[in-house]
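Visitor: FYI, numbering that gives the first Met the number 0 numbers position 177 of the sequence shown as 176, with every residue one higher than the one before it. After the structure tokens below, expect a handful of questions from me.
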Amino acid sequence: MNPMLRLAGWLIAVALVALPVVAVLRGWIGAERWPLTHLRATGRFEHVDPKLVQAALLPYAKHGYFAVDLQGAQAAVAKLPWVDQAQVRKRWPDVLEVSITEHRPFARWGRDRLLSDRGALFDARGAQVPPGLPNFAGPDARTRDVVELYQQSRTLFAPIGMQVDTVVLDPRGSWTLTLLDRAHGGIPTQVIVGRAEARARIGRFVRLMPQLLVNPERHIERADLRYTNGFALVWSTPQAPAPAKPATAAAVIPATPWAAAIDTLKRALSATQAPRAAFVLPRFPTSSLT
Numbered sequence: 000m001n002p003m004l005r006l007a008g009w010l011i012a013v014a015l016v017a018l019p020v021v022a023v024l025r026g027w028i029g030a031e032r033w034p035l036t037h038l039r040a041t042g043r044f045e046h047v048d049p050k051l052v053q054a055a056l057l058p059y060a061k062h063g064y065f066a067v068d069l070q071g072a073q074a075a076v077a078k079l080p081w082v083d084q085a086q087v088r089k090r091w092p093d094v095l096e097v098s099i100t101e102h103r104p105f106a107r108w109g110r111d112r113l114l115s116d117r118g119a120l121f122d123a124r125g126a127q128v129p130p131g132l133p134n135f136a137g138p139d140a141r142t143r144d145v146v147e148l149y150q151q152s153r154t155l156f157a158p159i160g161m162q163v164d165t166v167v168l169d170p171r172g173s174w175t176l177t178l179l180d181r182a183h184g185g186i187p188t189q190v191i192v193g194r195a196e197a198r199a200r201i202g203r204f205v206r207l208m209p210q211l212l213v214n215p216e217r218h219i220e221r222a223d224l225r226y227t228n229g230f231a232l233v234w235s236t237p238q239a240p241a242p243a244k245p246a247t248a249a250a251v252i253p254a255t256p257w258a259a260a261i262d263t264l265k266r267a268l269s270a271t272q273a274p275r276a277a278f279v280l281p282r283f284p285t286s287s288l289t
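Structure (structure tokens):
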């Protein structure tokens, strides 16, 4: 027999055997004979919508047991809101099984996203967000830095009864915190930390706060820590009547000793009933703050 004819015969025989197998595996035939008729989902579903999971898997299940694209199905489920990890398997004879791990939210990030406890950002629009989460904002690439400063600040402020509610890192790298006074109904205090030596500045401020808040009728509305040897404070006294001409009580506070600085501030406040006070060092103008 002609060798070419023999080779052609072998190729045709192999094709006749392989083609049905390929057709089944590709879903061209057999999908109705070995259908996937059951969907089994495992995991704790607190936020993931089961209907969305079903809708994501149906286009893949219709190809049948042998032709289902498990990687594609897994990727489709992983894109759903609140899904951290997803694994899709098939179980003979007709089961498509998906195992889902949800994101565990650690904080809000910006207006419509959440930050998970594993450092992943995910969309939270339309979702019921657990109450009590801190609020973060900043460049997406700086999530680790934001969490780190939050943890450090929370440790420092907790012993004096202040809760760190918000941590913001702006595009220039400047930090701003919002504190809540738990002892007085959660009154907020904005703390402008700046760019340099954030933890050291916060530490100095924390050491002074108990002395600054000895008068419960006075509350620090805003604190600017961007001075090497002092702070600028804005006070709020909601119970005091507003004067006809708002005045500002000011005092120049030396870097050391701190006790003398506090006494100077108290004398300045006693000399006027102004609801606002500021103390800074004159050699550090506002334009140079970082």
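Using N, Cα and C, we set each Cβ at its ideal position, and we do this for glycine too.
DSSP three-state call for residue 164: helix, strand or coil?
Guide: strand
Visitor: Taking the straight line between their C-alpha atoms, what separation do you get for residue 43 and residue 86?
Guide: Each residue's Cα considered, the two are about 14 Å apart.
Visitor: In this structure, does DSSP put residue 173 in helix, strand or coil?
Guide: coil
Visitor: Which residue or residues does DSSP assign as beta-bridge partners of residue 290?
Guide: Here the chain comprises residues numbered 0 to 289, so residue 290 is not present and cannot be evaluated.
Visitor: Pick out whichever of 67, 180, 132 has its Cα sitting closest to the Cα of residue 93.
Guide: Residue nearest to residue 93 within the set 67, 180, 132 is 67 (criterion: CA-CA distance).
Visitor: Using CA coordinates, which residue listed in 166, 230, 57 is at the minimum distance from residue 200?
Guide: 230
Visitor: Compute the Euclidean distance between the alpha carbons of residue 270 and residue 196, then round it to the nearest angstrom.
Guide: The predicted position of residue 270 is uncertain, since its pLDDT is 45 and thus under 50; a value taken from the coordinates is nonetheless stated next. The alpha-carbon atoms of residue 270 and residue 196 are separated by roughly 34 Å.
Visitor: Closer than 6 Å by C-beta to residue 208: which residues in its own chain qualify, once you throw out the five before and the five after it? Chain order, please.
Guide: 159
Visitor: Do residue 233 and residue 217 count as a contact pair if the criterion is CB distance below 8 Å?
Guide: no
Visitor: Return the bridge partner residues of residue 64 from the DSSP annotation.
Guide: Paired residues: none, contrary to the question.
Visitor: Measure the alpha-carbon distance for residue 74 versus residue 182 and round it to whole angstroms.
Guide: 48 Å
Visitor: Compare the Cα-Cα distances from residue 81 to each of 147, 90, 99, 95 and report the closest residue.
Guide: 99
Visitor: Quick one: give me the first and last residue of the alpha helix (DSSP H) that residue 156 is part of.
Guide: 142-156
Visitor: Going by DSSP, what residues sit across from residue 82 in a beta bridge?
Guide: Per DSSP, 101.
Visitor: Return the residue from the list 104, 206, 57 that minimises the CA-CA distance to residue 224.
Guide: 206
Visitor: Where does residue 186 fall in DSSP's three states?
Guide: strand
Visitor: In whole angstroms, what is the alpha-carbon distance linking residue 53 and residue 122?
Guide: 20 Å
Visitor: Would you mind sorting residue 104 into buried or exposed? The rule is 16 or more other CB atoms within 10 Å of its CB.
Guide: A residue is called buried when at least 16 other Cβ atoms come within 10 angstroms of its Cβ; residue 104 meets this threshold and is buried.
Visitor: Nearest to residue 188 by alpha carbon, out of 202, 170, 162, 47?
Guide: Closest by alpha carbon: 162.
Visitor: Compare the C-beta of residue 51 with all C-beta atoms of chain C and state if any pair is closer than 8 Å.
Guide: Judged by its chain identifiers, the structure shown contains no chain C, having just a single protein chain.
Visitor: Residues in the same chain with beta-carbon distance under 6 Å from residue 165, minus the five sequence neighbours each way, listed in chain order, please.
Guide: 134, 177
Visitor: How far does the alpha helix (DSSP H) with residue 69 in it extend, from its first residue to its last?
Guide: 69-77
Visitor: Straight-line CA distance for residue 227 to residue 113?
Guide: 35 Å
Visitor: How many angstroms separate the CA atom of residue 118 from the CA atom of residue 156?
Guide: 23 Å
Visitor: Excluding the 5 residues flanking residue 84 on each side, which residues of the same chain have their C-beta closer than 6 Å to its C-beta?
Guide: The residues are 100.
Visitor: When you compare only the Cα positions, how much space is there between residue 109 and residue 88?
Guide: 36 Å
Visitor: What's the call for residue 36, buried or exposed, on a 16-neighbour Cβ count within 10 Å?
Guide: exposed
Visitor: Would DSSP call residue 213 helix, strand or coil?
Guide: coil
Visitor: Do you know whose CA, among 136, 151, 125, 58, lies nearest residue 168's CA?
Guide: For residue 168, the nearest C-alpha among the options comes from 136.
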